[in-house]
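Residue numbers (UniProt numbering): 1 to 228.
This is the structure:
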């Protein structure tokens, strides 16, 4: 889901409620190499829960100083409410950033959710726009999506190597759960099976212009459309 910026950004939100918030936990931001791209990965801007109190205004300013233009938000609405940033996509919009909200949770990880997200993410990167992606801690689903995108763009990149690249940038805690690890390890196999059994109601690599080079040799010939 994409939110397009309004024609005018003159109206700034009232940040009075953030006055006095100690920035004891500065926004954790880093760039992760993904093929020929640099993708900004961060923790949740403005988070105020679990002993963390950050200023949303200051954190958005950090992203803007990093040149970020588009932000992929992977938090669910419940997570945004729990962290006291329930209107985060709108807040991004009001500060000149283009939000792309794709909520993910471990209990519902699927190709039908991740493939459209990856296609949209790649399209934005191809357009030359500096892009950030985050979940709550910037270690789970955001790192998983970086791993999957790297695997799609490099057919020779093993899942473990893709995860190691992300962990070098984000630390050893990146890829937080067994479900996320297994999803990355099984991604190419599941993508191949999805392509072979694709129907009008199911996602497939051909429908999403995914790279045939990223798929196992056994994948259907319909994957000829290139992710470029």
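By construction, the Cβ of each residue, glycine as well, lies at the ideal position given by its N, Cα and C atoms.
Can you grab the Cα-Cα spacing for the pair residue i / residue j, in whole Å?
i: residue 104; j: residue 78; result: 11 Å
i: residue 54; j: residue 45; result: 7 Å
i: residue 22; j: residue 192; result: Only weak support is given to the placement of residue 22: the predicted model assigns it a pLDDT of 42, under 50, and the value that follows is read from those uncertain coordinates. Cα to Cα, residue 22 sits roughly 49 Å from residue 192.
i: residue 139; j: residue 197; result: 32 Å
i: residue 71; j: residue 114; result: 16 Å
i: residue 66; j: residue 185; result: 32 Å
i: residue 37; j: residue 92; result: 22 Å
i: residue 166; j: residue 94; result: 31 Å
i: residue 152; j: residue 126; result: 14 Å
i: residue 89; j: residue 64; result: 15 Å
i: residue 41; j: residue 86; result: 20 Å
i: residue 75; j: residue 158; result: 27 Å
i: residue 118; j: residue 51; result: 32 Å
i: residue 135; j: residue 62; result: 17 Å
Following the continuous alpha helix (DSSP H) through residue i, name the residue where it begins and the one where it ends.
i: residue 146; result: 141 to 153
i: residue 175; result: From DSSP, residue 175 is part of no alpha helix (DSSP H); its letter is neither H nor E.
i: residue 122; result: 111 to 126
i: residue 80; result: 77 to 82
Going by other Cβ atoms of all chains shown within 10 Å of its Cβ, with 16 needed for buried, is residue i buried or exposed?
i: residue 160; result: exposed
i: residue 178; result: exposed
i: residue 168; result: exposed
i: residue 81; result: exposed
i: residue 123; result: exposed
i: residue 188; result: buried
i: residue 150; result: buried
Sort out for me which residues DSSP pairs residue i with in a bridge.
i: residue 70; result: 98, 131
i: residue 37; result: 34
i: residue 42; result: 29, 134
i: residue 48; result: 53
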